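Participant:
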Amino acid sequence: MGKYGEAAVRSVVLLNTGITHDPVLAWETITREIFGEGTSSQKKGCPKGTFLGICESGLVNGVPAGTYTRSKLNKEYGLRALTLLSLNPELINDMKTLWFQTLGDNQKKHNQQMDVVISLWKNDLINTRNLLVVRRWQ
27 MGKYGEAAVR
37 SVVLLNTGIT
47 HDPVLAWETI
57 TREIFGEGTS
67 SQKKGCPKGT
77 FLGICESGLV
87 NGVPAGTYTR
97 SKLNKEYGLR
107 ALTLLSLNPE
117 LINDMKTLWF
127 QTLGDNQKKH
137 NQQMDVVISL
147 WKNDLINTRN
157 LLVVRRWQ
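The letter at position 107 of the sequence shown is residue 133 when you use our numbering, and the numbering goes up by one with no holes.
(1) Which of helix, strand or coil does DSSP assign to Ile152?
(2) Under 8 Å Cβ to Cβ from Thr154, same chain only, skipping five residues before and after it: list those, please.
(3) Where does Val50 sit, in a helix, a strand or coil, going by DSSP?
(4) If you draw a straight line from the C-alpha of Arg58 to the C-alpha of Ala52, how long is it?
(5) For Val86, list the residues DSSP reports as bridge partners.
(6) What does the alpha-carbon distance come out to for the pair Lys148 and Lys74?
(7) Just the C-alpha distance for Ser67 and Phe61, rounded to the nearest angstrom, thanks.
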């Protein structure tokens, strides 16, 4: 698990212990601890947008659906990757293929979005029952 995956998992722990109920505040708190306040790594938008987008969709165990991010693309990448994992769990061991399949024809470079997705998945923090509902409505 990379540092952004660690940030996602620790943010969920913070949320589930009731220290905060705000995913944005949880992410900011944990990334400040991991990377240092105001650093470019702490401010990095792609993993943050992915984490908050997944939270926003009600897919993170213990975190209610809500409005947490304006990031459309990173949220979409996270949701697509989770859908792919639900259909083919073997992708959990191949971040590069997961990213490639998430993007389809787009040739963008992965920017830690998959670290967030895979870490949440591996730590059983994704509500797969809700994932089926979200997939049905997409």
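Positions of the beta carbon are idealized from the N, C-alpha and C atoms, including for glycine.
Note that the coordinates shown come from a computational prediction; the quantities given were computed from them, not determined experimentally.
Facilitator: Working from what's here:
(1) Along the sequence shown, one-based indexing puts residue 152 at 126. Here Ile152 sits in strand by DSSP.
(2) Here residue 154 refers to the residue found at position 128 of the sequence shown. Same-chain partners within the cutoff: Ser112.
(3) Within the sequence shown, the letter at position 24 stands for residue 50. Reduced to three states, the DSSP call for Val50 is helix.
(4) Against the sequence shown, residue 58 aligns to sequence position 32. Against the sequence shown, residue 52 aligns to sequence position 26. Each residue's alpha carbon lies about 10 Å from the other.
(5) Here residue 86 refers to the residue found at position 60 when the sequence shown is read from its first residue. In DSSP, Val86 forms a bridge with Ile152.
(6) For the purposes of this step, residue 148 is identified with residue 122 of the sequence shown, where counting begins at 1. For the purposes of this step, residue 74 is identified with residue 48 of the sequence shown, where counting begins at 1. When rounded, the distance between both Cα atoms is 18 Å.
(7) One-based indexing of the sequence shown puts residue 67 at position 41. One-based indexing of the sequence shown puts residue 61 at position 35. Going by the C-alpha atoms only, they are around 6 Å apart.
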